[in-house]
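Asks:
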Amino acid sequence: MTRRNDKSNPRLAELIRLLKQTSRENEVEIWGDIASRLEKSRKNYAEVNVSKINRYAQEGETLIVPGKVLGSGVVEAGVTVAALSFSDAAVSKITGAKGQCISIEQLLSQNPKGSRTRILR
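With the sequence shown counted from 1, adding 373 to any position gets you the numbering used here.
#1: Just the C-alpha distance for R397 and G433, rounded to the nearest angstrom, thanks.
#2: Going by DSSP, what residues sit across from A456 in a beta bridge?
#3: Excluding the five sequence neighbours on either side, which residues of its own chain have a C-beta within less than 6 Å of the C-beta of E455, listed in chain order?
#4: Might you give, ordered along the chain, the residues of its own chain that have their beta carbon closer than 8 Å to the beta carbon of R384, omitting 5 neighbours on each side?
#5: Please go through the same chain and pick out, in chain order, the residues whose beta-carbon is closer than 6 Å to the beta-carbon of Y418, but skip the five residues on each side of it.
#6: For the ligand MG, any of its heavy atoms closer than 8 Å to the Cβ of S409?
#7: Can you tell me which residues form a DSSP beta bridge with E420?
#8: Please determine, among S381, L411, L443, K466, the residue with the shortest C-alpha to C-alpha distance to K393.
#9: Nearest to R494 by CA position, among I407, K471, T468, Q473, is which residue?
#10: Here's the rule: buried if 16 or more other CB atoms are within 10 angstroms of the residue's CB, otherwise exposed. What is K471?
#11: Please tell me whether S476 has its Cβ less than 9 Å away from any Cβ of chain D.
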């Protein structure tokens with residue numbers, strides 16, 4: 374049984390559709406997993422602090438957060454983080470550590486196979 378997409382945000386509805394399509398075309402499960410997480414209620418979205426990124430990420434790694442990245446803590450490694458949204462503090466801390474903040478759509482177009490990408494929740 375497929376889940377119906379009742380998202381009122383057109384960007385989010387299109388992102389979920391694109392994630393599912395890319396998952397089917399490339400036979401990659403990571404995009405289907407992200408789509409199913411984004412289809413759930415917004416209160417279940419991940420909220421990840423920069424300190425958690427610092428704890429679990431290594432230099433040069435690519436992480437995807439199916440939700441929002443918040444600015445509490447310090448990040449020391451230069452990582453690429455893809456998320457639905459970022460707080461201003463999180464963007465300044467990640468870019469200050471020679472990292473990169475991108476949208477999930479950008480990551481999907483850069484890396485459709487999802488290789489060397491981890492989900493952080």
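All C-beta atoms, glycine included, are put in the ideal place defined by N, C-alpha and C.
Replies: According to the structure shown:
#1: Within the sequence shown, numbered from 1, the residue matching residue 397 stands at position 24. Within the sequence shown, numbered from 1, the residue matching residue 433 stands at position 60. Cα-Cα distance, rounded: 28 Å.
#2: The sequence position of residue 456 within the sequence shown is 83, counting from 1. Beta bridge pairing from DSSP links A456 with V438, S476.
#3: Translated into the one-based positions of the sequence shown, residue 455 becomes position 82. The amino acid at residue 455 is misidentified as Glu; the sequence shows Ala. Only I437, I475, I477, L480 meet the Cβ criterion.
#4: On the sequence shown, residue 384 is found 11 positions in, with the first residue counted as 1. For R384, there are no CB contacts under 8 Å within the same chain when 5 residues up- and downstream are skipped.
#5: Translated into positions along the sequence shown, residue 418 becomes position 45. So the list reads G440, once near-sequence residues are dropped.
#6: No copy of the ligand MG occurs in the structure displayed, which carries no ligand at all.
#7: Translated into positions along the sequence shown, residue 420 becomes position 47. DSSP output for E420 lists K441 as bridge partner(s).
#8: As a first step, residue 393 must be located in the sequence shown, where it is residue number 20. Among S381, L411, L443, K466, the Cα nearest to that of K393 is on L411.
#9: Numbered from 1 along the sequence shown, position 121 holds the residue referred to as residue 494. Out of I407, K471, T468, Q473, I407 has the C-alpha closest to the C-alpha of R494.
#10: What you label residue 471 is simply residue 98 of the sequence shown in a count that begins at 1. Answer is exposed; the Cβ neighbour count stays below 16.
#11: Here chain D cannot be found, since the structure has a single protein chain.
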